[in-house]
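Residue numbers (the UniProt record's numbering): 1 to 195.
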């Protein structure tokens, strides 16, 4: 018994059997989660219209059209989110100032503000993404906020899309261009900074 040849791995077969059993259970588990039954568009639309009244937890419902006995699980987040960009403010503008201005227009919704920041120094680029919980609030802001001023600057308000993001990014790069001292003999014709 002192030899290594007498040692037997008594668990070799059991581990092999357990691994195959677990693999089969995991496949079944993931198949159940990933399998999504087809839902008719009218069923989705009716659920979408009633989602404001439903809680944020998962809702189980069975489709009246299907004869399957497995229930469909439909997840509703319970909130629609719309976003927009508000820009043309100074880098020292705070989220409290921006939120107070939004509230002054009559918005009572939950508001998220995400400032666009310069990676090099962490300063605001002069615009922010504002996320609201209703489209009517966004329309109210689009209508009334452009007439308001924040720290002496008239705000630019636009819906969130790639084109408007590019616009605000370009505007921030333009305003970040530092003043360049002029070393020309003709001080009158030499620009002091680029716009």
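We put the CB at the ideal spot given by N, CA and C, even for glycine. Bear in mind that the values here come from a model prediction, so they are computed numbers and not experimental data.
Starting from the C-beta of residue i, find all residues in its chain whose C-beta is less than 6 angstroms away, skip the five residues before and the five after it, and write them out in chain order.
i: residue 156; result: 87, 88
i: residue 92; result: none
i: residue 172; result: 125, 126
i: residue 158; result: 85, 164
i: residue 135; result: 82
i: residue 138; result: 82, 84, 132
i: residue 168; result: 85, 87, 127
i: residue 94; result: none
My assumption, with CB atoms under 8 angstroms, is that residue i sits in contact with residue j. Please give the rounded CB distance.
i: residue 116; j: residue 127; result: 5 angstroms
i: residue 144; j: residue 105; result: 5 angstroms
i: residue 97; j: residue 150; result: 6 angstroms
i: residue 140; j: residue 107; result: 6 angstroms
i: residue 101; j: residue 174; result: Actually they are not in contact, since the Cβ atoms of residue 101 and residue 174 sit about 24 angstroms apart, beyond 8 angstroms.
Excluding the five sequence neighbours on either side, which residues of its own chain have a C-beta within less than 7 angstroms of the C-beta of residue i, listed in chain order?
i: residue 129; result: 83, 85, 114, 160
i: residue 123; result: 91, 117
i: residue 99; result: 111, 113
i: residue 109; result: 132, 133, 134, 137
i: residue 152; result: none
Identify, in the order they occur along the chain, each residue of the same chain with its Cβ nearer than 8 angstroms to the Cβ of residue i, setting aside the five sequence neighbours on each side.
i: residue 81; result: 131, 132, 133
i: residue 146; result: 154, 155, 156, 157
i: residue 6; result: none
i: residue 170; result: none
Please report the residue range of the alpha helix (DSSP H) in which residue i lies.
i: residue 141; result: 135–144
Taking the continuous beta strand (DSSP E) assigned at residue i, which residues delimit it?
i: residue 132; result: 124–132
i: residue 156; result: 156–159
Please go through the region 81–112 and give each complete alpha helix (DSSP H) segment of 4 or more residues, from N-terminal end onward.
-> 95–104
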